[in-house]
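Chemist: Numbering (the working numbering), first residue to last: 50 to 257. Just so it is clear, CB atoms sit at the ideal spot from N, CA and C, and this is done for glycine as well. A quick note: this is a predicted structure, and the numbers were derived from the prediction, not measured. My questions will all concern the structure given below.
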């Protein structure tokens, strides 16, 4: 189970790496996010404006939700979408028009047994990578996002789709065909190997 994500690079490094600037200054704070249910901000490059990095609340909100507070309290909490779910709903507006790159540099997974220590996956070079995302804007300036996951790594059936550099910007193209979108969901994942180490189970104590 995906327990947390990290983005530990400095703001200027993120902007340089993805040739984009932050849409809202001062919100980006490098670190770990341990509890998606606190709905923290992730930082994403949206299809609608691919030259800027937007803060997006982790947890997708469908367009037909009128009471956001109640939806956040009661759920369902849509932190991820499987590639299969997306393939079955290719006509929905967010999948066609609101794809994004979620900028991260690490992923933390909890084993099936809660007594198992969490395992932290990251690139050896510690560079940031882009995970495929689907976002929405249910009211002006209120963006929310879910990560695309699938069987991209042997260790996890629901591993985030880390896009290869060759298809990162293609994922954001407005003229992306349905056929090509399906191909990216199946074969567009990065072949880059991630290293990992276990974290102390108390690592997240006191964090959000």
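Runs of 4 residues minimum, wholly inside the region 104-147: which ones carry the alpha helix (DSSP H) assignment?
Modeler: Correct list: 117-123, 132-136, 142-146.
Chemist: Compute the Euclidean distance between the alpha carbons of residue 158 and residue 57, then round it to the nearest angstrom.
Modeler: When rounded, the distance between both Cα atoms is 17 Å.
Chemist: Rounded to whole angstroms, what's the CA-CA distance from residue 252 to residue 126? Just pull it up for me.
Modeler: Taking the straight line joining both Cα atoms gives about 24 Å.
Chemist: On the DSSP bridge assignment, give the partners of residue 192 in chain order.
Modeler: Answer by DSSP bridge pairing, in chain order: 186.
Chemist: Report the CB separation of residue 151 from residue 124 in whole angstroms; it is logged as a contact under 8 Å.
Modeler: In fact, because the Cβ distance is near 21 Å, the residues do not count as touching under 8 Å.
Chemist: Which value, in whole angstroms, describes the spacing of the CA atoms of residue 228 and residue 155?
Modeler: One C-alpha to the other measures close to 30 Å.
Chemist: Could you check whether residue 168 and residue 46 sit closer than 9 Å to each other, using their CB atoms as the reference points?
Modeler: With the chain covering 50 to 257 only, the question about residue 46 has no answer from this structure.
Chemist: Could you have a look at residue 52 and say whether DSSP puts it in helix, strand or coil?
Modeler: The answer is strand: DSSP assigns residue 52 an E or B state.
Chemist: Can you name the residues that DSSP bridges to residue 155?
Modeler: BP columns for residue 155 point to 55.
Chemist: What are the start and end residues of the alpha helix (DSSP H) that includes residue 227?
Modeler: It spans 227-236 - the alpha helix (DSSP H) in which residue 227 sits, taken as one unbroken run.
Chemist: Going by beta-carbon coordinates alone, are residue 120 and residue 85 separated by less than 9 Å?
Modeler: No. Outside cutoff.
Chemist: Under 6 Å Cβ to Cβ from residue 99, same chain only, skipping five residues before and after it: list those, please.
Modeler: Closer than 6 Å at the Cβ level, and outside the excluded window around residue 99, lie 221.
Chemist: Rounded to whole angstroms, how far is the Cβ of residue 171 from the Cβ of residue 244, which I believe are closer than 8 Å?
Modeler: Indeed they touch by this definition, with Cβ atoms about 6 Å apart.
Chemist: Which residue from 209, 231, 208 puts its Cα closest to that of residue 219?
Modeler: Of the listed residues, the one whose Cα sits closest to residue 219 is 231.
Chemist: Hey, residue 44 and residue 90 are a contact pair by Cβ (cut 8 Å); roughly how many whole angstroms apart?
Modeler: With the chain running from 50 to 257 in the structure shown, residue 44 is simply not present.
Chemist: Based on Cα-Cα distance, which residue from 97, 175, 130 lies nearest to residue 241?
Modeler: Per the Cα distances, 175.
Chemist: Just mark residue 217 as buried or exposed, buried being the case when its beta carbon has 16 or more other beta carbons within 10 Å.
Modeler: With 16 or more other Cβ atoms within 10 Å, it is buried.
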